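Per the working numbering, residue 1 is the first one in the sequence shown, and the count goes up by one each step.
For reference, the structure is listed below as structure tokens.
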Amino acid sequence: MILRKVRNHPRTTREELVNDLKLAVTTVTKKTIGNTLHRNGLKSCSARKVPLLKRAHVQAHLEFANEHLNDSESDWEKVLWSDETKIELFGINSTRCVWRKKNAAYDPQNTVKHGGGNILLWGCFSAKGTGQLHRINGKMDGAIENLLPSARALKMKCGWVFQHDNDPKHTARATKEWLRKKHFKVLDGTICTICG
């Protein structure tokens, strides 16, 4: 039962296994469970943090790179890059453990993408420096409205281009309409980032 549970759910803790066995009217200690797992080649390790990289993402990145391979430095100086990031409540300290065999660190079930409580921040930058940082509470509307003040503060010249990561909140009809009404030029072919 212990091995089956850990193979199917590598993030299971020894405490959870003790409780599961209590429900099955069997009493064992966390140490006994740990020893049993160790004897079967499993050890408790930190889940590796990896981007959720899919074949379509790799292809899109390559296409974008090839399309802009010959762009000049002055072309890139016109771009105002933006992104949002999630900062987790426990950050690095919230490392999750998984039970895994040797050389299985990057098997998908042994990795973790996000965890804990968090806040979402949006910011932008260009070749001229960094723009404003904005905390996102719910909708992206407030963050996207900081775009123009950031562009002004960075002294972006006429004809500057906005870049976003094609996240659904940027490609939503309302956001596209807002960008169009404000006459923002958007970098074509931008691709969804996968590192969260």
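Using N, Cα and C, we set each Cβ at its ideal position, and we do this for glycine too.
Predicted model, so just to flag it, every value in this text is computed and none were measured.
Quick one: any contact between the segment 71 to 91 and the segment 118 to 126, if contact means 3 or more CB pairs under 8 Å?
yes
Can you round the beta-carbon distance between K182 and L148 to whole angstroms, since I take them to be within the 8 Å contact cut?
7 Å
Over what stretch of residues does the alpha helix (DSSP H) that includes D20 continue unbroken?
14 to 23
6 Å CB neighbourhood of N93 in its chain, flanking five on each side removed:
Confidence at N93 is low in this model, with a pLDDT of 44, below 50, so the placement of that residue should be treated as unreliable; the coordinate-derived value is given next. The answer is none, since no qualifying residue turns up.
Can you tell me where the beta strand (DSSP E) holding H134 begins and where it ends?
129 to 136
With DSSP as the reference, label L179 as helix, strand or coil.
helix
Using C-beta distances below 6 Å, list every residue in its chain close to K5, excluding the 5 sequence neighbours before and after it, in chain order.
T12
To the nearest angstrom, how far is it from the Cα of H38 to the Cα of R14?
12 Å
Could you tell me the distance, in whole angstroms, from the CA atom of Q132 to the CA atom of P10?
41 Å
Rounded separation between V18 and I2 - CA only:
9 Å
Element boundaries [alpha helix (DSSP H), containing K155]:
Per DSSP, K155 belongs to no alpha helix (DSSP H) and is neither H nor E.
Assuming N66 is part of the beta strand (DSSP E), what are its boundary residues?
Run containing N66: none in the beta strand (DSSP E); it sits in the alpha helix (DSSP H), 55 to 67.
In angstroms, rounded to a whole number, what distance separates the CA positions of W160 and I87?
29 Å
Measure the CB-CB distance between I33 and L21 and report whether it falls below 9 Å.
yes
Ordered along the chain, which non-local residues of its own chain (more than five positions away) have a Cβ less than 8 Å from that of N137?
none
Let me make sure I understand the geometry here. Which of E63, N35, F162 has the alpha-carbon closest to that of D75?
F162
Which class does L80 belong to by DSSP, given the choice of helix, strand or coil?
strand
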